[in-house]
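Numbering (the numbering used here), first residue to last: 138 to 286.
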């Protein structure tokens, strides 16, 4: 009779399976992402990814195009400007499998791994396989500076 799996065995096996299943996550050209970066993206519970330091200046308002946005990979945040002077921020971690979104184009925030797309106005799903919106992040606009809060 086989021995029941221990918690440690299940966790170790699950982490290895995730790393193997996410080869190419975050690599637009099809190259493999390191398993360390894949694991770090999945290490935090959904909606609880590592945040940039509070109050950190991300950009100037002029850096964010109207109707578009900009991805801040290091901070794992995407800032958009759906309409003139209206700035929004969302997690840059795709809700499908934890890849980092890499582009804001034609009114959507795009994930390179499986082609999920999210609206710049509210982070909602435009095209799957993702089924959940990008979580909102809190920012403040002070003069021409956009800061995480």
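Where is the CB? At the ideal position from N, CA and C, for every residue including glycine.
Query	Result
Helix, strand or coil, according to DSSP, for residue 259 in the structure here?	coil
With 16 other CB atoms within 10 Å as the buried threshold, where does residue 221 fall?	exposed
Since residue 218 is in the beta strand (DSSP E), which residue starts that stretch and which ends it?	214-220
Near residue 248, which residues of its chain fall below 6 Å by C-beta distance, leaving aside the five closest residues on each side in sequence?	231, 236 and 238
Can the beta-carbon of residue 227 be found closer than 8 Å to that of residue 246?	yes
Going by DSSP in three states, residue 243 sits in which element: helix, strand or coil?	coil
Between the C-alpha atoms of residue 193 and residue 212, what's the straight-line distance to the nearest angstrom?	10 Å
With DSSP as the reference, label residue 199 as helix, strand or coil.	helix
What three-state label does DSSP hand residue 226 in the structure shown?	strand
Answer yes or no: do residue 282 and residue 266 have a C-beta to C-beta separation smaller than 8 Å?	no
For residue 258, which residues of its own chain have a beta-carbon under 6 Å away from its beta-carbon, when the five flanking residues on both sides are left out?	219
If you reduce the DSSP assignment to three classes, tell me which class residue 194 lands in.	strand
Cα separation between residue 204 and residue 217?	7 Å
What does residue 282 pair with, by DSSP beta-bridge criteria?	197 and 279
Residue 229: which of 207, 278 and 244 sits nearest, CA to CA?	207
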